[in-house]
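Enquirer: Heads up: the sequence shown begins at 678 in the numbering used here, then just goes up one per residue.
Note that the Cβ used here is the ideal one computed from N, Cα and C, for glycine as well.
Please read these numbers as outputs of a predicted model, since none were measured by experiment.
Below you will find the structure I want to go over with you.
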Amino acid sequence: MHKKYFTVFASIALTLVLVGAGCTSSKISSETEDTTNPNPPSVVLTGQTKEFNLSAKNWQFDPSTITVNQGDKVRLIITSVDVAHSFMLKDFNLNVKLEPKETQTVEFIADKTGSFQFRCGIPCGDGHRDMIGTFIVK
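Right, dumping it as structure tokens:
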């Protein structure tokens with residue numbers, strides 16, 4: 678009689694242990710989780726490089742909208758036409774100073790989707806606050 682209760686108790690205990698460990702079947706896997714890369718990339722790179730020529734001038738970026746796909750490598754070739762500006766895209770940790778009549782190249786991976794604002798981060802005149810563009814990642 679005690680053997681019967683022990684078997685029932687042991688079965689219940691084993692079930693609770695397996696459920697608590699995240700197992701949903703009675704088969705226990707001998708495979709272990711790969712921990713060699715604790716932060717695996719969550720974005721699949723497309724292999725595509727999208728290149729854009731931008732000008733920063735007179736309180737505007739041209740073009741003012743850039744659209745890419747998630748996983749694209751983005752190359753921005755930015756020229757300040759008139760005075761010192763910057764290209765600031767906070768969501769991608771970018772802030773590049775643009776000297777007058779000089780060109781800077783910026784490269785990064787579009788690793789998140791959404792619509793993000795870029796702007797000039799250097800006060801450049803009366804229209805500075807309107808010097809805004811949109812970076813869209815699909």
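Under 8 angstroms, with one C-beta from each stretch per pair, do the region 745–757 and the region 773–781 reach the 3-pair mark?
Expert: Touching, per the Cβ criterion.
Enquirer: For Lys750, list the residues DSSP reports as bridge partners.
Expert: Note: Lys750 sits in a beta bridge opposite Thr726 and Ile786.
Enquirer: May I have the straight-line CA-CA distance separating Pro800 from Gly748, to the nearest angstrom?
Expert: Distance between the alpha carbons of Pro800 and Gly748: 32 angstroms.
Enquirer: Please name the residue in Val760, Asn772, Phe764 and Thr726 whose C-alpha comes closest to that of Ser741.
Expert: It is Phe764.
Enquirer: Cα separation between Lys727 and Lys750?
Expert: Taking the straight line from one Cα to the other gives about 6 angstroms.
Enquirer: Per DSSP, what kind of secondary structure is Lys767 in: helix, strand or coil?
Expert: It is helical.
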